[in-house]
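Residue numbers (the UniProt record's numbering): 1 to 368.
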Amino acid sequence: MKKHVVFFEAVGGTDKGRDGHRRDTMPMMDYLKKMGWHAEVVQLTDALLKDGEKTKEIYEYVQKVADAYVSRVNPGNLKEEKLYFDLLRKLCDNGVIGMPHPDAMIGYGAKDALTKLADTELVPDDTYAYYDPAEAKRIGVAWGDQHDLKKTFPKTLAKGERVLKQNRGSTGEGIWHVQLEEPLPAGVSEVPLNAKIKCIEAVDNHVEHRQLGEFMDFCEKYLVGDNGMLVDMTFLPRIKEGEIRILMLYKHPIYVVHKKPAEGADAFSATLFSGAKYRYDKPEQWDDLVHYFLRQLPHIQTKLGNYDLPLIWTADFILDTDENGKDKYILGEINCSCVGFTTPIEFLDKTARKVANTIIDIVEDKLS
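In structure tokens, the structure reads:
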């Protein structure tokens, strides 16, 4: 055991402090050093990743000195994400412990994780992922009507209000609540392309009135390129009561964030940018939800590729009502792409200490 951990960061981005690093990276490293470990940051740029010789130098250095890496790169801060994942994958293949493995980042971080869990009690079974045919082929998805936006979405919308979520973006961009302006005639199971729809985007809860066909044409931009995708799931009106986020450290909940959308008839976004109010609770305050989620971890791990759980990740839930009128929780999203824990500020030091201890525990367990 080398007792050495490398933290990967991207140069630049709005997630950095005045020192050029993420605000949660240095506290984690400081605690590792207090416990007698070496910890350092390796900063990456797109130019560096495209330079084969420099990438090789980084690989050889990290593979030589480090027991593990921790990825602290926000999506979008590196355009050459595939090259970054290739680097991480090569390190994992050659003995460096990945926190997380790049394929776990893809599996847990992509919105179509929901469709892979649609045959569990976590996610409604009428949840679909739409792709561009070329993207479906690239990632090995068997093409069919259920993956074709224009063939399936008119049918799902006929059943009731829906939410479309793009795979990329942040702060609610490209997440649309879609509903019909007028109800369909009895017996109609597919919405016509000229039907008028009301579309509300989560980024700021603004409303647009469009026709279905034109809106689907507009949404095709979300399907283009690597990791292009839209997830289609039923709209849960109890989102107005708030989204509940569990912040996980490996297998253990750290705290729960209750994110209540802004007041207003159309507001459904749970992002701070849109005016949602956040409350930070202890896991014990959401005991039923937390225990329910922890019981599901083996299923989640199996369905999402059997990789180790990410080091720091989140699961977002929305309240629904079962057939007996009792509360139930629906999984709305999983995120492991550089989840931060800089708010609330009073949790930062305590959480950083827990993260450092968990990193050491994982390395010692893997190498014992």
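Even for Gly, the Cβ is constructed at its ideal location relative to N, Cα and C.
In this text the structure is predicted, and so the values were computed from the model without any measurement.
query: Other residues of its chain near T351: CB distance less than 7 Å, five sequence neighbours each side excluded; result: I254 and F341
query: Rounded C-alpha distance that separates W176 from V163; result: 5 Å
query: Complete runs of the alpha helix (DSSP H) confined to the stretch 99-136 [at least 4 residues]; result: 102-109 and 113-116
query: Touching by the beta-carbon criterion (3+ pairs, under 8 Å), the stretch 76-91 and the stretch 36-49; result: yes
query: N- and C-terminal bounds of the beta strand (DSSP E) containing D288; result: That residue, D288, is in no beta strand (DSSP E); its alpha helix (DSSP H) goes D287 to K303.
query: Complete runs of the beta strand (DSSP E) confined to the stretch 326-368 [at least 3 residues]; result: 327-335
query: Buried versus exposed, by CB contacts within 10 Å (16 or more), K303; result: buried
query: Cα-Cα separation between D147 and P133, rounded to whole angstroms; result: Just to set this straight, residue 147 is His in the shown sequence, not Asp. Approximately 9 Å between the Cα atoms of the pair.
query: Candidates L157, K90 and L223, of which the one nearest K111 by Cα; result: L223
query: Inter-stretch contact at 8 Å, needing at least 3 Cβ pairs: the stretch 116-126 / the stretch 324-343; result: yes
query: Check whether I312 and L249 have beta carbons under 8 Å apart; result: yes
query: Nearest-angstrom Cβ-Cβ length linking L212 and V191, presumed shorter than 8 Å; result: 6 Å
query: Complete beta strand (DSSP E) runs within the stretch 196-232 (minimum length 3 residues, chain order); result: 196-201 and 206-211
query: Residues near C62 by beta carbon distance below 8 Å, same chain, minus five either side; result: This sequence places Val at residue 62; Cys is not what is there. Result list for V62: V6, V42, Y69, L91 and V96, in chain order.
query: Own chain residues within Cβ distance below 6 Å of D322, not counting five before or after; result: K328
query: Backbone CA spacing between I200 and R168 [nearest angstrom]; result: 18 Å
query: Contacts around E181, its chain only, beta-carbon distance under 8 Å, and the 5 residues preceding and following it disregarded; result: A195, K196, I197, K198 and H209
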